[in-house]
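Participant:
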Amino acid sequence: MPTINQVASKIIKEQELVIGPLAWSEARKVTGLSVIDLQAGTVTLGSGDPKIVVDQLVGRYERLFGRASHEVCREAVATLVATMSPAEVPSSLR
Amino acid sequence: MADTDQQHFQAEDYASELRAANEIVYKHSLELARLKQELETANKQQENLLHFISHEIKGYLTKGEAAFAEIVEDTSGKIPETIKTLSSGALLEMRKGVATVMDILDASNLKKGTVTFKKAPLDFKVLVTKIIEEQRPSAYEKHLGLDVKMSDGKFMMDGDEEKLREHVVRNLIDNAIKYTPSGTVHVELSDGDGKIHFMVEDSGVGITPEDMAHLFTEGGHGKDSIKVNVHSTGYGLFIAKQVVDAHGGKIWAESEGGGKGSKFFIQLPASA
Chain P
401 MPTINQVASK IIKEQELVIG PLAWSEARKV TGLSVIDLQA GTVTLGSGDP
451 KIVVDQLVGR YERLFGRASH EVCREAVATL VATMSPAEVP SSLR
Chain A
1205 MADTDQQHFQ AEDYASELRA ANEIVYKHSL ELARLKQELE TANKQQENLL
1255 HFISHEIKGY LTKGEAAFAE IVEDTSGKIP ETIKTLSSGA LLEMRKGVAT
1305 VMDILDASNL KKGTVTFKKA PLDFKVLVTK IIEEQRPSAY EKHLGLDVKM
1355 SDGKFMMDGD EEKLREHVVR NLIDNAIKYT PSGTVHVELS DGDGKIHFMV
1405 EDSGVGITPE DMAHLFTEGG HGKDSIKVNV HSTGYGLFIA KQVVDAHGGK
1455 IWAESEGGGK GSKFFIQLPA SA
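As they're listed, the protein sequences go chains P and A.
Our numbering puts the first residue of the first sequence at 401, with every later residue one more than the last.
Our numbering puts the first residue of the second sequence at 1205, with every later residue one more than the last.
1. CB-CB under 8 Å to A:E1422, same chain, minus the five flanking residues each way: which ones, in chain order?
2. Do you know whose CA, among A:F1468, A:V1372, A:L1253 and A:P1385, lies nearest A:Y1344's CA?
3. Look at the Cβ atom of P:V430, then the Cβ atom of P:Q456, and state whether they are nearer than 8 Å.
4. Which value, in whole angstroms, describes the spacing of the CA atoms of A:I1377 and A:I1275?
5. Return helix, strand or coil for A:Q1214, following the three-state DSSP convention.
6. Check whether chain P comes within 8 Å of A:Y1439, counting only Cβ atoms and requiring the distance to be less than that.
7. Does any CB atom of chain P fall closer than 8 Å to the CB of A:Y1344?
8. Please identify the residue among A:E1242, A:L1243, A:Q1250 and A:A1324 whose C-alpha is closest to the C-alpha of A:M1360.
9. Closest by CA to A:Q1309, which one among A:K1464, A:E1251 and A:E1392?
10. Assuming A:N1226 and P:G466 are in contact, meaning their beta carbons sit under 8 Å apart, how far apart are those beta carbons, in whole angstroms?
11. So is P:S469 in contact with chain A if we call contact Cβ pairs under 8 Å?
12. What runs of the beta strand (DSSP E), each 3 residues or longer, lie entirely inside the segment 1347–1393 of chain A?
13. Using the C-alpha atoms, what's the distance from P:W424 back to A:K1322?
14. Could you give the C-beta distance for P:V454 and P:A408, rounded to a whole number, given that I count them as a contact under 8 Å?
15. Name the residues in the segment 458–484 of chain P whose C-beta lies less than 7 Å from a C-beta of chain A; which are they?
16. I want to see whether chain P comes within less than 8 Å of A:S1407, judged by CB atoms only; does it?
17. Which term fits A:Y1218, buried or exposed, when burial requires 16 or more other beta carbons within 10 angstroms of its beta carbon?
18. Taking the straight line between their C-alpha atoms, what separation do you get for A:V1448 and A:I1283?
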């Protein structure tokens, strides 16, 4: 089963395909999200509720780039989210 | 309305315009990213298809080649000379076909990274001498001079003899002969600085700056080269570069332009 860290990582990687390295610099600004390995594209969601951190990540992209970016986030993790229990899924990705 | 309020509204307007502009740029980038992905998938599929087709055709051609070779080499006296003559021509064409398909397959395999290099000690001079002797009749047929200068001694290196011979040395000398309508092809072999230096110079069709930019890329034959050699696949120099690179060497070309001949240089590390 995918972890919430993998969900966040997948979102950033997908955004990277569209906006390039800016996706990572914006992700770093989200409180509670730390980039472990930029090359491998791994992140960790630290203190607090990780679902809220993912919501903030999605929200950050949406504030900057509009609704289309929210859709990109949702599509990127659709298959991952499908295997998670509903309680684990961040509200922005439902 | 107070000035500060007006400035505040203006700032909000700008921010809103900026967000809208960001969104537009994002949508365009998204479209480009999706198109890029589609293109990459299509390229991959095309590459696989090309590889499959080439592999299949190579199989058919090789069987035909073997059959024609049997007829040509028959000593029983049962096959009429006319059939033998026809078969000899067909065998030659078949071999050209196999070589073309092999070029495409080799390029595809090099791109995929599925080519293995069997490196062993070899004398590069022996390899070059052999190819020159094999290519001399082609130069003679075209009334071209073939001038060879080689320094004394052995030119030892570690390399894949077959790949260096067929894809690098033969390719460069063969190209020089093909693309030179009249004049002389010069071949030089020397050593220095721990390297083997190989050069092929011709007085042929030359290379325009435009063609030079993609000379060693896949399918990168020159704009006019196809007029001289209609059978050019454009993979020869791409493969040559991959082979030279795999040996830790360098390959490059120089030309003063179209119609002004060209020089191809290779540097390969010599054995210590």
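The C-beta atom is built at its ideal place from N, Cα and C for all residues, glycine as well.
Facilitator: The answer reads as follows:
1. A1311, K1315, G1438, Y1439 and F1442
2. A:P1385
3. yes
4. 31 Å
5. helix
6. no
7. no
8. A:A1324
9. Per the sequence presented here, residue 1309 of chain A reads as Leu, with Gln not at that position. Minimum Cα distance to A:L1309 is reached at A:E1251.
10. 7 Å
11. yes
12. 1349–1354 and 1360–1363
13. 43 Å
14. 5 Å
15. L464, F465, G466, A468, S469 and V472
16. no
17. exposed
18. 45 Å
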